[in-house]
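For the record, in the sequence shown the residue sitting at position 164 is 661 according to the working numbering, with numbers rising by one throughout.
In this text, a Cβ means the ideal position worked out from N, Cα and C, and glycines have one as well.
The structure presented is a predicted model; accordingly, all values stated were derived computationally and were not measured.
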Amino acid sequence: MSQAAGLIETLGYPPAIEAADAAVKSAWVTVESIELAKAGLVTVIVRGDVAAVQAAVAAGSEAAARVGTVVSTHVIPRPSEELCGILWTPGSIANQSASSVSSNVLTQETDLQDAEVQRTKAKQVVIVNTPDIETAQVVEKQSEQVKPEPVENSNVISETTVMDAEQEQPVTDETLRLQKTIKLRQLARNFEDFSMSRNEIKFAKKNQLIEAILAHLSNGNSK
Numbered sequence: 498m499s500q501a502a503g504l505i506e507t508l509g510y511p512p513a514i515e516a517a518d519a520a521v522k523s524a525w526v527t528v529e530s531i532e533l534a535k536a537g538l539v540t541v542i543v544r545g546d547v548a549a550v551q552a553a554v555a556a557g558s559e560a561a562a563r564v565g566t567v568v569s570t571h572v573i574p575r576p577s578e579e580l581c582g583i584l585w586t587p588g589s590i591a592n593q594s595a596s597s598v599s600s601n602v603l604t605q606e607t608d609l610q611d612a613e614v615q616r617t618k619a620k621q622v623v624i625v626n627t628p629d630i631e632t633a634q635v636v637e638k639q640s641e642q643v644k645p646e647p648v649e650n651s652n653v654i655s656e657t658t659v660m661d662a663e664q665e666q667p668v669t670d671e672t673l674r675l676q677k678t679i680k681l682r683q684l685a686r687n688f689e690d691f692s693m694s695r696n697e698i699k700f701a702k703k704n705q706l707i708e709a710i711l712a713h714l715s716n717g718n719s720k
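This is the structure in structure tokens:
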């Protein structure tokens, strides 16, 4: 009778034990070895005739999937003698104590988790640094936009300067015409008992304001 080899690869030790138990209970096969690979991978190897191995692998993988993760399954119908010498070699973790195997698997799974945490932290560092750069650029652009433009003060005349000039030189028709209309309105509002009301001053033209101011001053009023 030709022998076949069945392989069930799981992630972790408990799914491998569940797969081996289900395999031997579902078909006439024997568990040759349970091999521990790196990264927490465990491979269950069963032996028997082709039909029995196929049924055992199907049942074992289904049972292991309920407990954990099944990575892959494979059936080799008639392995060569050289391969049989490798597959049927004793000394696998099936002959080791359960506590020792669990410890080894747990250590490898912990290493995987630590590596995943390190990758996650590296991604978080990149994500955290990106907004700081963007914020700095935004603040710099806002500072450039808010920066006030220089104001030319050559054409700006304060009221104090104008009033001082008026006090130093006589108020005549010529000096009043040099003033802007808005300044004449301000001057007219400062006079007491002025001939125009505030509403009339507001809508009066320049010539009307000049005539009213000169008339007010000619009557001996200085304020």
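Which residues mark the beginning and the end of the alpha helix (DSSP H) in which residue i is found?
i, result
"V547", "V547 to V564"
"A517", "Y510 to S523"
"T669", "Counting along the chain, T669 falls outside any alpha helix (DSSP H), and DSSP gives it neither H nor E."
"L580", "E578 to L584"
Exposed or buried, residue i, counting other C-beta atoms within 10 Å across all chains shown (16 or more means buried)?
i, result
"E656", "The predicted position of E656 is uncertain, since its pLDDT is 45 and thus under 50; no value can be drawn from it."
"P667", "exposed"
"I514", "buried"
"T570", "buried"
"A595", "Unreliable placement is indicated for A595, whose pLDDT of 44 sits below 50; the coordinate value is still reported in the next sentence. Exposed: under 16 other Cβ atoms inside 10 Å."
"A709", "buried"
"E529", "buried"
"P574", "exposed"
"G545", "buried"
"A548", "exposed"
"G503", "buried"
"I542", "buried"
"I531", "buried"
In the DSSP assignment, the beta strand (DSSP E) including residue i goes from what residue to what residue?
i, result
"E689", "From DSSP, E689 is part of no beta strand (DSSP E); its letter is neither H nor E."
"L714", "No beta strand (DSSP E) contains L714, which is instead part of the alpha helix (DSSP H) from K703 to S715."
"L533", "T527 to L533"
For residue i and residue j, what's the separation of their Cα atoms in angstroms?
i, j, result
"E506", "T540", "4 Å"
"T669", "S694", "22 Å"
"K699", "S692", "13 Å"
"I567", "A534", "It is Val, not Ile, that sits at residue 567 in the sequence shown. For V567 and A534, the distance between alpha carbons rounds to 14 Å."
"A633", "Q683", "Note that A633 scores 49 on pLDDT, short of 50, meaning its location in the model is unreliable; the coordinates nonetheless yield the value given after this. So the alpha carbons of these two residues sit roughly 49 Å apart."
"L673", "H713", "13 Å"
"V622", "G537", "Residue placement at V622 cannot be trusted, given a pLDDT of 48 that sits under 50; the coordinates are not used to answer."
"V572", "Q551", "7 Å"
"P511", "A561", "8 Å"
"F688", "N716", "12 Å"
My understanding is that residue i touches residue j, with C-beta atoms under 8 Å, so please give their C-beta distance in whole angstroms.
i, j, result
"L706", "T678", "7 Å"
So does the stretch 514 to 527 actually touch the stretch 552 to 559, counting three or more Cβ pairs closer than 8 Å? yes
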